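Novice: If you count by full-length UniProt numbering, then the sequence shown holds residues 1 to 296, one letter each, in order.
Take this structure first; my questions come after.
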Amino acid sequence: MKKWMLMVIFVLLLSACSEEVQPTAQSEEKDEPKATEQQADQEQEGTEKDEESDEDVQPADAEEDSEELAEEEAVVEAVYELNEANWTLEPVSDEYNSQVVLLTIDDAPDTYSVEMAKTLKELGAPAIFFVNGHFLDTEEEKAMLKEIHDMGFAIGNHTYSHQKLDDVPEETQRDEIIALSDLIEEVIGERPKFFRAPHGVNTDFAKQLVKEEGMLLMNWTYGYDYFKPYMDADKLTQAMVTGEGPEVDVPYSLLKPGANLLMHDREWTAAALSDIVTGLRDKGYEMLDPEKIITP
Numbered sequence: 001m002k003k004w005m006l007m008v009i010f011v012l013l014l015s016a017c018s019e020e021v022q023p024t025a026q027s028e029e030k031d032e033p034k035a036t037e038q039q040a041d042q043e044q045e046g047t048e049k050d051e052e053s054d055e056d057v058q059p060a061d062a063e064e065d066s067e068e069l070a071e072e073e074a075v076v077e078a079v080y081e082l083n084e085a086n087w088t089l090e091p092v093s094d095e096y097n098s099q100v101v102l103l104t105i106d107d108a109p110d111t112y113s114v115e116m117a118k119t120l121k122e123l124g125a126p127a128i129f130f131v132n133g134h135f136l137d138t139e140e141e142k143a144m145l146k147e148i149h150d151m152g153f154a155i156g157n158h159t160y161s162h163q164k165l166d167d168v169p170e171e172t173q174r175d176e177i178i179a180l181s182d183l184i185e186e187v188i189g190e191r192p193k194f195f196r197a198p199h200g201v202n203t204d205f206a207k208q209l210v211k212e213e214g215m216l217l218m219n220w221t222y223g224y225d226y227f228k229p230y231m232d233a234d235k236l237t238q239a240m241v242t243g244e245g246p247e248v249d250v251p252y253s254l255l256k257p258g259a260n261l262l263m264h265d266r267e268w269t270a271a272a273l274s275d276i277v278t279g280l281r282d283k284g285y286e287m288l289d290p291e292k293i294i295t296p
């Protein structure tokens, strides 16, 4: 009897335990859809973030494309070639303006070159600054050259020590030219594209070396600031704008389309520079961008 009663009690206890467990299982089953909804919300948020991320990337890509296009548009086409018969620059076809002059400044960056570069920059007038190595002995002088280059001006090779090339052996000529190109590259990050010999004196060896170095050898059409009668801003302005130098036996004008104008780092030239540019423009001449000149 006792055994039977114990068995009944045991069965009743098992039934009670079974009923208590079921709600827990149902509760867990009801929580699952909630977890699924949360997961869906997370996936949706992730998708939205991905879409936002894609939207964020698109303007950057567009900006890069715009910058690349601007760089392509900034490339200047070389369409003027040097006439070695008179050292003028001539357009390769009639579609380009022939009424141009090239401004060049020798003996940079001595004393007034940065000032002259700033004047030209304000006027929007491009030029070539021909450099001597003995004006690049100090860090301050190198900084002056870099400043001129950073303003957008072309830098040319005028030999290291302004040596008259036909007075020295070929090895010295090589050093005068190559050493300066190396130094210019060290300062501004690129080698010069233009070469002008001191006093306009070249040798066959120097001509070949300059060509091998990828530089265009040029002299000039006219210049007056190294003659004593024109060491005055007003007189120099008159001579450069008209092309005439009667005080030095040039009573006629040397100004012509494509003229290659020689000037120097000089106090009177710096003072006259703005009026020279303005005067030439008033005569209908455009200042030629050196980037438009065909080089080797």
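Glycine included, C-beta positions come from ideal geometry on N, C-alpha and C.
Bear in mind that the values here come from a model prediction, so they are computed numbers and not experimental data.
#1: How do the segment 247-258 and the segment 195-215 stand: do at least 3 beta-carbon pairs fall below 8 Å, yes or no?
#2: Write down every uninterrupted run of the beta strand (DSSP E) in the segment 89-117 whose length is 3 residues or greater and which is fully enclosed by it, in chain order.
#3: Where does residue 195 sit, in a helix, a strand or coil, going by DSSP?
#4: Measuring straight from C-alpha to C-alpha, what distance separates residue 264 and residue 111?
#5: Just to confirm, are residue 156 and residue 131 a CB contact at a threshold of 8 Å?
#6: Nearest to residue 240 by alpha carbon, out of 281, 205, 197?
#7: What did DSSP end up calling residue 294 once you bin it into helix, strand or coil?
#8: Going by beta-carbon coordinates alone, are residue 165 and residue 197 separated by less than 8 Å?
#9: Among 92, 173, 183, 99, whose alpha-carbon lies nearest the alpha-carbon of residue 259?
#10: Which term fits residue 30, buried or exposed, when burial requires 16 or more other beta carbons within 10 angstroms of its beta carbon?
#11: Exposed or buried, what is residue 105 when buried is set at 16 or more other beta-carbons lying within 10 Å of its beta-carbon?
#12: Apart from the five residues on each side of it in sequence, which residues of its chain come closer than 8 Å, Cβ to Cβ, to residue 77?
#13: Please report the residue range of the alpha helix (DSSP H) in which residue 131 lies.
#14: Per the DSSP calculation, residue 264 is bridged to which residue(s)?
#15: By Cβ distance, which residues of its chain are closer than 8 Å to residue 162, with the 5 residues on each side in sequence left out?
#16: Any beta-carbon of chain C closer than 8 Å to the one on residue 194?
#17: Does DSSP put residue 84 in a helix, a strand or coil?
#18: Go to residue 154, then tell me how far its beta strand (DSSP E) extends in each direction, as first and last residue.
#19: So, at 7 Å on beta carbons, what are the nonlocal neighbours of residue 294 in its own chain, with the 5 sequence-adjacent residues on each side left out?
#20: Which same chain residues, not among the five before or five after residue 160, have their C-beta less than 6 Å away from its C-beta?
#21: From the DSSP output, in three-state form, read off residue 40 for me.
#22: On the criterion of 16 or more Cβ atoms from any shown chain inside 10 Å, does residue 114 qualify as buried, or is it exposed?
#23: What are the boundary residues of the alpha helix (DSSP H) that residue 231 is part of?
#24: Excluding five sequence neighbours on each side, which residues of the same chain lie with their C-beta closer than 8 Å to the C-beta of residue 321?
#25: Taking the alpha helix (DSSP H) that residue 144 falls in, what are its first and last residues?
#26: Please give the ranges of any beta strand (DSSP E) in the segment 204-285, keeping only runs that are unbroken, at least 3 residues long and fully inside the region.
#27: To the nearest angstrom, report how far apart residue 302 and residue 174 are at their CA atoms.
Specialist: In short, the structure shows the following:
#1: no
#2: Listed in chain order, they are 100-108.
#3: strand
#4: 10 Å
#5: yes
#6: Considering only 281, 205, 197, the residue with the shortest C-alpha distance to residue 240 is 281.
#7: coil
#8: The answer is yes: Cβ separation under 8 Å.
#9: 99
#10: The pLDDT assigned to residue 30 is 35, lower than 50, so where the model puts this residue is not dependable; a value taken from the coordinates is nonetheless given after this. Residue 30 should be labelled exposed.
#11: buried
#12: 292
#13: Counting along the chain, residue 131 falls outside any alpha helix (DSSP H), though it belongs to the beta strand (DSSP E) covering 128-131.
#14: 106
#15: Taken in chain order, the residues that qualify are 107, 132, 134, 198.
#16: Absence of chain C from the displayed structure is noted, only one protein chain being present.
#17: coil
#18: 154-157
#19: Contacts found: 78, 80, 81.
#20: 133, 176, 179, 180
#21: The predicted model places residue 40 with a pLDDT of 42, which falls under 50 and marks its position as unreliable; any figure quoted below should be read in that light. Looking at residue 40 - three-state DSSP - the assignment turns out to be helix.
#22: The residue is buried, with at least 16 neighbouring Cβ atoms inside 10 Å.
#23: From DSSP, residue 231 is part of no alpha helix (DSSP H); its letter is neither H nor E.
#24: This structure gives no information on residue 321, because the portion of the chain shown stretches from 1 to 296.
#25: 139-150
#26: 259-264
#27: The structure shown has nothing for residue 302, since the chain only spans 1 to 296.
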